[in-house]
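Numbering (my numbering), first residue to last: 280 to 799.
No residue lacks a Cβ here, since even glycine has one placed at the ideal position from N, Cα and C.
As the structure is a prediction and not an experimental result, all values here were calculated from the model.
Right, one structure below, let's go through it.
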């Protein structure tokens, strides 16, 4: 039997929860690794008074998913996110008790992705966990049961899960809807969590922000209650965030599960995504799983080495499967799997060349390039520059701001000058300013600050600082990261000024040494 859900929760102390969510769960992993909240976390420990109350908006940005549909994600106001994290920390004992009540009767862990401690890490949440010794493999057990064999798998998910979560439903899950409604105006611990979530969304009660790790813990408060209702009815299923895989004996049982799932979700005003609901006959569904088809690849030689032809075959197979199924998560999997193999010199060159070509075609792969391609295969900076210049040209034509800020990030990270900024930086900068896209503005500002660090010429960054001053007066909430980093403490209001005076930055110093000390 794998570890129980609450075994993971009980291993985390309230202080570890707070640090994990605030210091290491503030910025989404889909962002280039330029930003950090660790200095802010340390600053929060020095303040004697709570941050100002009230509502605040947040930064929005898009990431392209492997189904070629963008997902809107958010970066919260830091002061409001700190309050959410502190409420979760201060009530962690009560929340752990809630998880005990909802999950202790499970013979296996229904929810597979959740906060947990990991060896030698302070981050407490990731989307993918691979330690089978800890997590086990409940799917193989769910196929067989004491009354027979599962013949179908039901796949279902919640439609726009985080944006659909009603913050008032957090108290509903914690103390019951009747009690929550009776005490809706009370200064109770569960109402404080609800209020903190609402304040972080500018007073809105619908939706959790996508990106910050606290949202994953908050959603589990609700979804573990749904799990208990379904598990107690005898359904055999696993849940990954908002995706359900239920193993059933018949079409009738499949339909019952979907009705019961929809009914349990409706109690929290959550909609089932009927368009993505599937009932698949077994074992065909499992045999056609692309992970099984790729499991024996790439082939290795007698010395455990993967040579050029085998690398080529592996990538071709992954591309074929992605094209046939329309699921380009297969390419993500292939990139990560190949990194763990021992490639010959020519194999590395081929893998790097082919994956970089794919990234130019499919920008959702860009966030994998540094860790899984550039670094393990020793890609030369000149080749990274060529890719970045290509991405930049294509992205300008499509107004693809996400790809643009990755091309700029690569220039910052690997110390080269983008052609667009070298040939006519005024034109390139004007485009960035007209975009009014926060992350593109801050990434361009960091790029020029690093250039200034080399040549001490501040003229290129002056127009961006002017834009920061204008946005600070008109729309600070939705551009706070850019405005805060670009302006001096004297130009900032209230708690922003105090934090700036303390020397706090959200930009990693190791990425751009000296940028935050030379701003104007």
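DSSP state of residue i mapped onto helix, strand, coil
i: residue 568; result: coil
i: residue 557; result: strand
i: residue 687; result: helix
i: residue 444; result: coil
i: residue 548; result: coil
i: residue 629; result: helix
i: residue 543; result: helix
i: residue 315; result: coil
i: residue 463; result: coil
i: residue 431; result: strand
i: residue 585; result: strand
i: residue 291; result: coil
i: residue 576; result: coil
i: residue 399; result: coil
i: residue 606; result: coil
i: residue 437; result: strand
i: residue 786; result: strand
i: residue 406; result: coil
i: residue 598; result: helix
i: residue 622; result: strand
i: residue 286; result: helix
i: residue 799; result: Below a pLDDT of 50, predicted positions are generally treated as unreliable, and residue 799, at 36, falls in that range; no measurement from the model is reported.
i: residue 299; result: helix
Contact belief for residue i with residue j at Cβ below 8 angstroms, rounded distance in angstroms
i: residue 299; j: residue 491; result: Wrong, their Cβ atoms sit about 12 angstroms apart, outside the cutoff.
i: residue 617; j: residue 630; result: 6 angstroms
i: residue 757; j: residue 336; result: 5 angstroms
i: residue 684; j: residue 644; result: In fact, because the Cβ distance is near 15 angstroms, the residues do not count as touching under 8 angstroms.
i: residue 686; j: residue 667; result: 4 angstroms
i: residue 506; j: residue 389; result: 5 angstroms
i: residue 641; j: residue 593; result: Not really, about 17 angstroms apart at Cβ, beyond 8 angstroms.
i: residue 774; j: residue 306; result: Not quite, the Cβ-Cβ distance comes to about 20 angstroms (not below 8 angstroms), so this is no contact.
i: residue 587; j: residue 623; result: 7 angstroms
i: residue 572; j: residue 600; result: 6 angstroms
i: residue 576; j: residue 596; result: 6 angstroms
i: residue 681; j: residue 406; result: Wrong, their Cβ atoms sit about 18 angstroms apart, outside the cutoff.
Own chain residues within Cβ distance below 8 angstroms of residue i, not counting five before or after
i: residue 621; result: 579, 583, 584, 585
i: residue 294; result: 368
i: residue 566; result: Its pLDDT being 43, under 50, residue 566 is placed unreliably by the model, and the measurement read from it follows with that caveat. No residues qualify anywhere along the chain.
i: residue 382; result: 283, 284, 285, 388, 389, 390, 503, 506, 507
Same chain only: Cβ atoms within 7 angstroms of residue i, ignoring 5 sequence neighbours per side
i: residue 290; result: 396
i: residue 327; result: none
i: residue 740; result: 724, 727, 728, 731
i: residue 292; result: none
i: residue 334; result: 478, 481, 482
i: residue 794; result: Confidence at residue 794 is low in this model, with a pLDDT of 44, below 50, so the placement of that residue should be treated as unreliable; the coordinate-derived value is given next. So the list reads 725, 728, 729, 732, 786, once near-sequence residues are dropped.
i: residue 330; result: 358, 361, 362, 774
i: residue 760; result: 338, 354, 717, 721, 785
i: residue 543; result: 505, 508, 509
i: residue 663; result: 653, 689, 693
Cβ shell of residue i (< 6 angstroms), same chain only, five flanking positions each side left out
i: residue 320; result: 301, 302
i: residue 780; result: 768
i: residue 614; result: 634, 647, 651
i: residue 746; result: 712
i: residue 771; result: 779
i: residue 371; result: 293, 296
is_contact[residue i, chain D] using C-beta, thresh 9 angstroms
i: residue 301; result: Absence of chain D from the displayed structure is noted, only one protein chain being present.
Any contact between the region 682-698 and the region 641-653? By contact I mean 3 or more CB pairs, one from each, below 8 angstroms.
These segments touch.
### Query
What runs of the beta strand (DSSP E), each 3 residues or longer, lie entirely inside the region 325-390?
DSSP runs (the beta strand (DSSP E)) wholly in the region 325-390: 338-343, 349-354.
| Should the region 480-494 be called in touch with the region 511-529, which here means at least 3 C-beta pairs below 8 angstroms? | Counting C-beta pairs closer than 8 angstroms gives fewer than three between the region 480-494 and the region 511-529, which falls short of the contact rule.
Practice problem: Indicate whether the contact test is met: 3 or more Cβ pairs, each with one atom in the region 517-537 and one in the region 431-440, closer than 8 angstroms. | Solution: Between the region 517-537 and the region 431-440 there are three or more C-beta pairs closer than 8 angstroms, enough to call the two in contact.
Every unbroken alpha helix (DSSP H) inside the region 487-529 [4 residues or more] | Unbroken alpha helix (DSSP H) runs of no fewer than 4 residues, entirely contained in the region 487-529, are found at 493-511, following chain order.
Discussion item. Suppose only complete runs of 4+ residues qualify. What are the alpha helix (DSSP H) ranges in the region 706-771, listed by chain order?
Written reply: Runs of the alpha helix (DSSP H) lying entirely within the region 706-771, each at least 4 residues long, are 717-734, 741-753, 759-765 in chain order.
**Q.** Three or more C-beta pairs below 8 angstroms linking the region 365-375 and the region 385-401
**A.** The region 365-375 vs the region 385-401: no contact.
In chain order, which continuous runs of the alpha helix (DSSP H) of length 4 or greater are located wholly inside the region 631-708?
Secondary structure remark: continuous alpha helix (DSSP H) runs of at least 4 residues inside the region 631-708, in chain order: 645-648, 660-677, 680-692, 698-702.
Three-pair Cβ contact test at 8 angstroms for the region 465-472 versus the region 539-552
Segments in contact, no.
Stretch pair the region 491-500 + the region 448-463: three plus CB contacts closer than 8 angstroms
With the cut-off at 8 angstroms, the region 491-500 and the region 448-463 touch.
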